[in-house]
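Visitor: Let me give you the structure first, and then I'll get to my questions.
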């Protein structure tokens, strides 16, 4: 992979965007040097989550209404482990939302009423764009389903 990345990034099209290789650096050339660099510097970009699943079912650990661990006193879990499912994107924003919600719970603040809006989840056999492919859309003054749902 290091050699493939170097081959791609050395193409003339990338010249305007690069000041040269930073890591592992041009001095790392042989297979053994590359393997040594990977062993020393490689890391994952995984987002560990969902190990203390939030929910009400028998396989859940955290109560979604209180963020408390089922069957314990005074213990809340408010991090990525409480997520019932891995998010499609970075987990930072969802964790911040969970933390803000937990802070309100702990402080005794009255929560805002829920806003139920439709969302789209792609499944086999369903259209990728439920309201039509936006690449073929013509300008219209009609609100989208989401805009209509958000008008409260």
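In the UniProt record's numbering, the protein residues as written are 1 to 152.
Quick reminder that beta carbons are idealized off the backbone N, C-alpha and C, glycines included.
What you are looking at is a predicted structure, and each value in this text was computed from that prediction instead of being measured.
Taking the beta carbon of residue 49 as the centre, do at least 16 other beta carbons fall within 10 Å, making it buried, or is it exposed?
Guide: Label assigned to residue 49: buried.
Visitor: Ordered along the chain, which non-local residues of its own chain (more than five positions away) have a Cβ less than 8 Å from that of residue 106?
Guide: 76
Visitor: If distances are taken between C-alpha atoms only, which option among 86, 96, 28 comes closest to residue 52?
Guide: 86
Visitor: Can you look up residue 53 in the DSSP assignment and give me helix, strand or coil?
Guide: DSSP, read as helix, strand or coil, puts residue 53 in coil.
Visitor: Could you tell me whether the Cβ atoms of residue 54 and residue 78 are closer together than 7 Å?
Guide: no
Visitor: Going residue by residue through the stretch 71-125, where are the continuous alpha helix (DSSP H) segments of at least 4 residues, counting only ones entirely within it?
Guide: Counting only runs of 4 or more, we get 92-107.
Visitor: With a CB to CB cut of under 6 Å and the five nearest residues on each side skipped, what residues in its chain are close to residue 2?
Guide: 34
Visitor: Using 7 Å as the threshold, is the C-beta distance between residue 67 and residue 102 below it?
Guide: yes
Visitor: Taking the alpha helix (DSSP H) that residue 8 belongs to, which residues open and close that run?
Guide: 2-9
Visitor: Could you pull the DSSP bridge partners for residue 28 from this structure?
Guide: According to DSSP, residue 28 bridges with nothing at all.
Visitor: If distances are taken between C-alpha atoms only, which option among 45, 113, 104 comes closest to residue 89?
Guide: The residue with the shortest Cα to Cα distance from residue 89 is 45.
Visitor: Residue 63 to residue 82, Cα distance in whole Å?
Guide: 9 Å
Visitor: Cutting at 7 Å between CB atoms, please list the residues of its own chain near residue 91, excluding the five before and the five after it.
Guide: 47, 49, 80
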